[in-house]
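Chains A, B and C, in that order, are what the protein sequence lines are. For the record, in the first sequence the residue sitting at position 31 is 31 according to the working numbering, with numbers rising by one throughout. Take any residue in the second sequence, note its place counting from 1, add 139, and you have its number in the working numbering. Take any residue in the third sequence, note its place counting from 1, add 278, and you have its number in the working numbering.
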Amino acid sequence: MHQSQGELRVSTRGKGLYEITRDVRKWAGGQNIKSGLLTIFIQHTSASLIIQENADPDVRRDLTEFFERLVPESTSWFRHTTEGSDDMPSHIRAALTSVQLSIPVRDGQLALGTWQGIYVFEHRSSPQVRQVLMHVIGE
Amino acid sequence: MHQSQGELRVSTRGKGLYEITRDVRKWAGGQNIKSGLLTIFIQHTSASLIIQENADPDVRRDLTEFFERLVPESTSWFRHTTEGSDDMPSHIRAALTSVQLSIPVRDGQLALGTWQGIYVFEHRSSPQVRQVLMHVIGE
Amino acid sequence: MHQSQGELRVSTRGKGLYEITRDVRKWAGGQNIKSGLLTIFIQHTSASLIIQENADPDVRRDLTEFFERLVPESTSWFRHTTEGSDDMPSHIRAALTSVQLSIPVRDGQLALGTWQGIYVFEHRSSPQVRQVLMHVIGE
């Protein structure tokens, strides 16, 4: 049994989903683990990680718009507003999704379903560099 | 330290929660691990995994209806509609819950709380077969 | 490679976020693991675990109020009402967040981002004692 750790830096340019499936697969494939568990963790409170459909881009657009409407920037009663109108919605959208995902590794590969892609879900409007940690354990 | 992997196929017949606690417990109990960590992962983007109250069935009904109302099939602005009116809501409901859960194993048993049950949360209307992967590591 | 398990009891006094970062860090720091993965799991269906901003307390207040409005106690169509008007909203709020978090350990420390704190998100109004399990594996 062994483990290793790595990290990704993901540059984002506004709200939306940024696919990292290939980067995670590539890193995981180089850790000499045939069977195990991969965990990814994003070190932020205004961006999150989700697994979503990787086929029709409209899915990502609709998903982003849904969160835009569910937690509107224009919410009048927010107290935490000094960092911009997109900041408090970002924290809530991150809470509604997740900052961490664990995925089994089988036959040396990430065991994602056919339509599953891994995405950084950026909730801020301005460009950001997001830090994603990766941990894999297995043999 | 050792690990093992398994899978469950869960047949669903429309939206709602399908309990898999007993199946997961049974599999985990057969892996010869006294102490460790179990992870389950569903390989889909229109079904998810949640832990919910396992006592009153009304909890599951209310939960399902809440998600039905929060992300209505009748949403007029969805672009991704070619796979049916229940498809885009499915992706969003999966994003709002989770495709993965990790649960400690103690004394050879899943360390669930008294009222916690593990469920596949099916978001599609038509019958489906859902693939759930299981990974356990420990000793 | 080795692992260990522990638990925290967290007393809550009504809805809101209760920080446990220091307790988790302290426990993790005593397990003699330089590199690995920590998982925390809450054994309840009406409280959850989230990572949120640890700076401005208004973030936690706005977050709590958002969930209060998204899943109102006054919802007329809930069936599961015998345990109090705050019970069914609690289950839904737990489903919308998470009962489990996994965080990498690096250089003997939890690899949280600068602004990330770990919180028990209490959804019930009355005082509770919440059981949080901790598992760490690594070397």
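Glycine included, each C-beta is placed from N, C-alpha and C at the ideal position. If you're wondering where the values come from, they're calculated on a predicted model, not measured in any experiment.
- By the Cβ criterion, the stretch 170–182 of chain B is not in contact with the stretch 343–352 of chain C, since fewer than three pairs of Cβ atoms, one from each stretch, lie closer than 8 Å.
- I20/A sits in coil when the DSSP states are folded into three classes, being neither helix nor strand.
- With respect to the C-alpha of E343/C, the residue from R357/C, S404/C, E400/C having the closest C-alpha is E400/C.
- Cβ-Cβ separation between Y119/A and E19/A: approximately 5 Å, consistent with a contact (criterion under 8 Å).
- For P266/B, no chain C residue has a Cβ inside 7 Å of its Cβ, as the nearest lies near 23 Å away.
- Per the Cβ contact rule, the stretch 263–272 of chain B is not in contact with the stretch 127–138 of chain A (fewer than 3 Cβ pairs under 8 Å).
- Here Q387/C is exposed. Its C-beta has fewer than 16 other C-beta atoms within 10 Å.
- With a beta-carbon spacing of about 25 Å, A55/A and A94/A fall beyond the 8 Å limit used to define contacts.
- Less than 8 Å separates the beta-carbon of S313/C from that of G416/C.
- DSSP, read as helix, strand or coil, puts E68/A in helix.
- A check of alpha carbon separations from V288/C across D365/C, D301/C, M279/C identifies D301/C as the nearest.
- Shown in chain order are the members of the stretch 243–264 of chain B whose Cβ falls below 9 Å from a Cβ of chain C: P243, V244, R245, A250, L251, G252, T253, W254, Q255, G256, F260.
- Against I231/B, the close residues of chain A are L63, F66, in the order they occur along the chain (beta-carbon pairs closer than 7 Å).
- In the DSSP annotation of this structure, S102/A is not part of any alpha helix (DSSP H); the continuous beta strand (DSSP E) holding it starts and ends at 100–106.
- Taking all protein chains in view, the Cβ of R263/B is crowded by 16 or more other Cβ atoms within 10 Å, so the residue is classified as buried.
- Bridge pairing for Q144/B: H274/B [DSSP].
- Between the beta-carbon of L202/B and that of V238/B there is about 17 Å, and that puts the pair past the 8 Å contact cut.
- Proximity of chain A to S241/B at the Cβ level (cut-off 7 Å) is accounted for by S102, in chain order.
- T317/C counts as buried, since at least 16 other C-beta atoms from the protein chains shown sit within 10 angstroms of its C-beta.
- By the beta-carbon neighbour count (other beta carbons within 10 angstroms, threshold 16), G395/C is buried.
- Look at A234/B: its C-beta is under 8 Å from a C-beta on chain A.
- Straight across, the Cα-Cα distance linking A111/A with M273/B is about 11 Å.
- Looking at the DSSP output, S11/A shares a beta bridge with V129/A.
- For the C-beta of V238/B, not a single chain C residue is nearer than 9 Å; the gap to the nearest is close to 12 Å.
- Look at A234/B here: in three-state DSSP terms it is helix.
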